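All residue numbers for the sequence shown refer to numbering that gives the first Met the number 0, where the first residue is 0 and numbers rise by one.
Glycine included, every Cβ here is placed at the ideal spot set by N, Cα and C.
Quantities reported herein were computed from a predicted structural model and do not represent experimental measurements.
Here's the structure, in structure tokens; my notes come after.
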Amino acid sequence: MSATIPAAPSFQSRIQALAKTPLFQPRELLPGITSYEEQRQIALQRTVAIGKAMAPSLDTIRNLPDEWWHIHSDPIFSVDGASYVLLSIQLNLVVQTLSTYLDKQPDLKPLIEQLLQFDIIGQFCLSEVDHGLDARNIETTVTRLPNGDLILHTPHPGASKYMPPSAPRGIPGVGLVFARLIVDGEDHGIRGFVVPISDGQKTYPGITVRVLGGRPGTKPVEHCITTFKNVRLPKSALLGSLDKPKNERRHFQELIWAVACGAIVFAAPIITCLRISAYIASTYSQRRTVAGHGKGSPRVPIISFKTQYRPVLIAIAHAHVLKALYWATARFFSDLSNPMELRHAMATIQKLLVQRTVQEDMFVLSERCGGQGLMGYNQIAAFCDEMRGSATAEGDAIVLSLRLIAELVIGRYDLPEPKDPNNILYKHEQGLFAETREVISQIKHHRSDLFNRLVLPRCEKMTMSIGHRAAYEAGVAAGLSPQLTDLYLASAVRTDEGWYSEKMGYSRESQFRAEDDALQAALPFLKQWTEELDVKEYAWAPILSDEKWAEFFNSREVAPCHGDSVKSKL
């Protein structure tokens with residue numbers, strides 16, 4: 000996989016200018032913006048503004064060049080996670096899916112153009128209340144009438160579409176609704192259908208939207224439950240043919256292929272959050288001082304303690320290496336010569352590795368900033384809340400890893416060969432697979448209770464092992480400094496100390512010393528690597544400098560007081 004990080008995209012200057020406008024100033028520091036409705040409207044305004052500034056062409060969305068992957072990795076989304084969710088649904092899921100039918104259904108072009116201009120808001124309605132990742136068993140139906148018209152119906156509340164923010168938002172809304180096509184009483188499999196949902200103010204007849212609200216601690220997306228009651232659609236609403244697919248599993252994979260692409264792009268803002276969090280923690284740790292040893296000794300920065308520089312340096316290494324992995328995976332996915340199964344596999348591996356690595360890093364970084372790390376205005380804790388949703392967005396990370404490992408161990412396909420078969424991370428990966436295959440050889444069927452008990456709990460660690468190896472290879476291929484990739488390697492080994500000690504005779508003490516050596520070699524590069532995270536413009540936490548803190552301090556509302564001469568009543 001090619002990991003070279005490309006040059007800046009054509010829209011970069013427009014986005015940089017947009018980021019300086021009042022609309023994109025951090026909401027946490029703006030007075031008077033407190034209501035949920037105001038925040039929701041700002042998120043939508045930001046989404047439209049970003050979409051228009053990036054202005055991706057239809058060719059960009061269909062062919063997935065570097066510019067497409069740049070769109071999702073731009074740090075402007077760190078200002079408002081809700082704007083990223085809305086834009087990703089619009090472009091990655093709705094427009095990208097519609098574009099695959101454009102050659103045979105050219106009448107879709109006006110709709111796609113309206114979506115690209117954000118004159119219409121699109122929603123991707125796949126999952127149901129009773130069917131999350133089990134989407135192949137969704138129960139919403141579309142029945143074809145004798146005259147060719149279609150009837151969309153939700154048979155019971157459990158078949159309602161879950162999560163898409165389909166409530167009216169002031170802009171007309173359209174849904175890409177997935178349902179079972181019923182032709183002459185026979186189930187012809189799942190299809191996508193274009194369904195007008197609202198005129199921007201109210202939903203259309205037969206469509207009921209129940210507002211779930213936002214997730215705690217996050218910018219408001221306003222998720223919903225959407226139900227359809229005998230909604231009549233024209234025959235042109237159907238995407239694709241009426242024919243029953245020969246291979247339903249492959250047909251479904253091709254139908255929702257944009258979800259796999261989404262598993263990659265959803266990693267991009269998470270990596271950006273880690274980059275910003277590492278920048279803040281590193282800068283703050285160099286600024287914050289404590290009393291030195293002995294009376295009269297000078298104060299020392301907290302970064303001088305290993306308990307501080309270890310998590311900061313490791314987070315910085317992870318941020319740089321995961322960024323390289325993002326580009327390597329993106330380009331692998333864009334290469335249509337790679338089988339769809341492998342493209343799905345690499346997307347899953349990246350998704351789980353990024354989710355788990357960043358989740359752990361940001362929690363530690365928040366903790367290492369003490370009481371300041373708990374506050375949303377210092378960004379890190381807020382990022383921790385925002386990124387939780389990414390674990391299930393575009394497929395639950397753990398469930399995807401279960402499918403991946405099951406397919407690999409039963410030999411449905413093989414992953415690309417490693418760049419270095421002698422690398423210790425690859426030996427770990429192969430060792431875990433060998434152990435699992437030995438267990439499977441004693442189990443009769445992969446759907447048995449023993450498989451559930453003895454194999455499934457291993458899948459996450461096995462997927463992570465592939466991810467660690469792939470990320471390290473991507474970092475090396477991208478030309479990252481040896482000190483940085485060596486630190487990544489040492490930290491990856493320590494995620495499974497027991498295995499390396501038991502299977503390779505690599506003692507825990509030796510692993511500890513190897514990581515310490517990597518840290519000492521990395522420490523002189525702390526300031527350089529911090530700047531190379533390239534997120535300074537989006538790091539606005541008050542704890543970054545004395546000036547920022549003073550400005551923040553003086554802007555805070557002062558509680559009512561009696562004045563200077565109030566006598567104590569104690």
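Measuring alpha carbon to alpha carbon, tell me which residue in the options is nearest residue i.
i: residue 321; options: 512, 557, 476; result: 476
i: residue 305; options: 518, 466, 65, 193; result: 518
i: residue 108; options: 56, 504, 352, 68; result: 56
i: residue 269; options: 524, 71, 502; result: 71
i: residue 173; options: 414, 164, 194; result: 194
i: residue 310; options: 12, 365, 336; result: 365
i: residue 312; options: 521, 530, 46, 555; result: 521
i: residue 370; options: 326, 287, 340, 177; result: 287
i: residue 117; options: 58, 524, 43; result: 43
i: residue 237; options: 204, 190, 229; result: 190
i: residue 538; options: 336, 429, 282; result: 282
i: residue 325; options: 512, 112, 515, 474; result: 474
i: residue 373; options: 540, 75, 160; result: 540
i: residue 266; options: 302, 202, 356; result: 356
i: residue 422; options: 485, 385, 91, 403; result: 485
i: residue 100; options: 185, 254, 296, 272; result: 254
Starting from residue i and walking both ways along the alpha helix (DSSP H), at which residues does that stretch end?
i: residue 109; result: 108 to 115
i: residue 43; result: 35 to 53
i: residue 425; result: 423 to 439
i: residue 192; result: No alpha helix (DSSP H) contains residue 192, which is instead part of the beta strand (DSSP E) from 185 to 197.
i: residue 71; result: 65 to 72
i: residue 353; result: 339 to 367
i: residue 99; result: It is not in any alpha helix (DSSP H) - residue 99 carries neither H nor E in the DSSP assignment.
i: residue 487; result: 481 to 492
i: residue 616; result: There is no way to answer for residue 616, as the model of the chain reaches only from 0 to 569.
i: residue 399; result: 396 to 408
i: residue 319; result: 305 to 333
i: residue 588; result: Coverage of the chain is limited to positions 0 through 569, which leaves residue 588 absent and any answer about it impossible.
Skipping 5 residues on each side, what residues in its chain have a beta carbon closer than 8 Å to that of residue i?
i: residue 63; result: 260, 329, 332, 333
i: residue 169; result: 40, 43, 199, 200
i: residue 296; result: 290
Using only the alpha-carbon positions, how far apart do residue i and residue j sit?
i: residue 214; j: residue 36; result: 14 Å
i: residue 350; j: residue 142; result: 36 Å
i: residue 200; j: residue 25; result: 28 Å
i: residue 279; j: residue 506; result: 34 Å
i: residue 396; j: residue 180; result: 29 Å
i: residue 527; j: residue 299; result: 20 Å
i: residue 502; j: residue 426; result: 10 Å
i: residue 96; j: residue 65; result: 19 Å
i: residue 533; j: residue 335; result: 31 Å
i: residue 126; j: residue 74; result: 29 Å
i: residue 406; j: residue 341; result: 11 Å
Excluding the 5 residues preceding and the 5 following residue i in the sequence, name in chain order all residues of the same chain whose CB lies nearer than 7 Å to its CB.
i: residue 436; result: 408
i: residue 114; result: 89, 93, 94, 121
i: residue 510; result: 492, 493, 496, 499
i: residue 353; result: 266, 269, 270, 321
Could you check what DSSP says for residue i in three-state terms: helix, strand or coil?
i: residue 560; result: coil
i: residue 122; result: strand
i: residue 20; result: coil
i: residue 603; result: There is no way to answer for residue 603, as the model of the chain reaches only from 0 to 569.
i: residue 555; result: coil
i: residue 155; result: coil
i: residue 208; result: strand
i: residue 142; result: strand
i: residue 534; result: coil
i: residue 574; result: The requested residue 574 does not occur in the structure, where the chain is confined to residues 0 to 569.
i: residue 289; result: strand
i: residue 202; result: strand
i: residue 128; result: coil
i: residue 137; result: coil
i: residue 167; result: coil
i: residue 4; result: coil
i: residue 542; result: helix
i: residue 105; result: helix
i: residue 238; result: strand
i: residue 442; result: coil
The beta strand (DSSP E) with residue i in it runs from where to where?
i: residue 178; result: 172 to 182
i: residue 222; result: 222 to 227
i: residue 161; result: 160 to 162
i: residue 93; result: No beta strand (DSSP E) contains residue 93, which DSSP labels as neither H nor E.
i: residue 230; result: 230 to 232
Within its chain, find whatever has a CB closer than 6 Å to the CB of residue i; leave out the 5 residues flanking it on each side and keep chain order.
i: residue 457; result: 435
Taking 8 Å as the CB-CB limit, is residue i close to chain C?
i: residue 401; result: As a matter of chain content, chain C is missing from the structure shown, which is built from one protein chain.
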